[in-house]
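**Q** Submitted below is the structure of interest, expressed as structure tokens.
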Amino acid sequence: MADPIEGEDASAVEFIVEEGEAGQRLDVFLVRRIKGLGRASAKRMIEDGRVRIDGQKRRKGVLLQAGERVTLEGPPSLPDFDPIPDEAHSVGILYEDEDLLIVDKPAGMHSHPLKRDERGTVANAIMAIAPECVAYGAMRREAGLMNRLDTETSGLMIVARSERAAEGMARLFEREAIDKRYRALAMGEVRAPWSIDLPIAHHPGDRRKMVAISVYDPALSERARPALTEILSSEIRGGHSYIEIRARSARRHQVRVHLSSLGHPLVGDLLYGGKALDGLDRHFLHASALVFHHPVSGKECVFKSPLPQELRDALGALGFS
């Protein structure tokens, strides 16, 4: 295969697909041919119509054939970078094979760095364990992470360590075929079962927040994405509800904004109206279980993460069993 070119040199250039590259997805081809280009940036370029195959605009997932001419119009934006390996900040490894890692993120740790010199994130920890993962995330800075968790949320994360796993997991997420379970403590009395089926959009006045759309709003509804959160069980004590949640869609702040929109924000979630709890310096949300079919073997995978000690202590202080 031809050597990759530097990103800043990739302006109005053409690539010829070689025999060994036949069968690759278009976005994967670009990532391999342009040094430093992440998959998210490659997908954006394709969606913007800046990449053509034999003069035609094509989808990001199209499979290339030998001899085709791939043309890139204009330089890609390359804010991407490889996270610094960081052995000082570790994550628990619940499962690993040649294609996947399942890690257990502690609260207070960012999913991935925003700056080149940043350390202490899940992605930095992954780089110290399995540096090959850097090639398989949506961006290299994500080090193969297939899902994200908010900084204060603890629990399970999926990491791809092969191209076939990354593509397979992406398909599972697109089909919402991953059963994600959470444990949460909400304000007020939350009854179960209960389904919250409200689309989610970025908040128009606060870039930190999302908003659930319950009534059509022309300024927001067109940009909202569907989201379904299911309350499976609930234990109620003294004005709080300890609940189990299932979410198949993967929207930013989905559980937090859905509960808040119904008047039941998470305990400790100050951004969405929750109240702090003495002795707990985070919001009460834990990604407790994942159920999906392995993207390569097809076998059913069930992973569980126990509730962290600080959350067990909070439940005990409120009288939960």
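Numbering-wise (the numbering used here), the sequence shown opens with residue 1 and increments by one. We treat Cβ as the ideally placed atom computed from N, Cα and C, and that holds for glycine.
(1) Do SER305 and ASP48 have their C-beta atoms closer together than 8 Å?
(2) DSSP state of ASP86, grouped into three classes?
(3) Inspect the beta-carbon positions of GLY389 and PHE292 and report whether they are closer than 8 Å.
(4) Would you say GLN309 lies against chain C (beta-carbon separation less than 8 Å)?
(5) Excluding five sequence neighbours on each side, which residues of the same chain lie with their C-beta closer than 8 Å to the C-beta of ALA135?
(6) What three-state label does DSSP hand LEU100 in the structure shown?
(7) For MET157, which of helix, strand or coil comes out of DSSP?
(8) Which of the three DSSP states is assigned to LEU94 in this structure?
(9) Determine the direct distance from the alpha carbon of PRO113 to that of VAL302, and round the result to whole angstroms.
(10) Can you check DSSP and say which residues form a bridge with TYR182?
(11) Return the CA-CA distance between LEU266 and MET187, expressed in angstroms with no decimal places.
(12) To the nearest whole angstrom, what separates the beta carbons of SER261 and ALA212, a pair I think is in contact under 8 Å?
**A** Taking the geometry as given:
(1) no
(2) coil
(3) Shown here, the chain extends from 1 to 321; a query on residue 389 therefore has no answer.
(4) The structure shown contains no chain C, having only a single protein chain.
(5) VAL31, GLY144 and GLU163
(6) strand
(7) strand
(8) strand
(9) 28 Å
(10) ILE245 and ALA287
(11) 6 Å
(12) 4 Å
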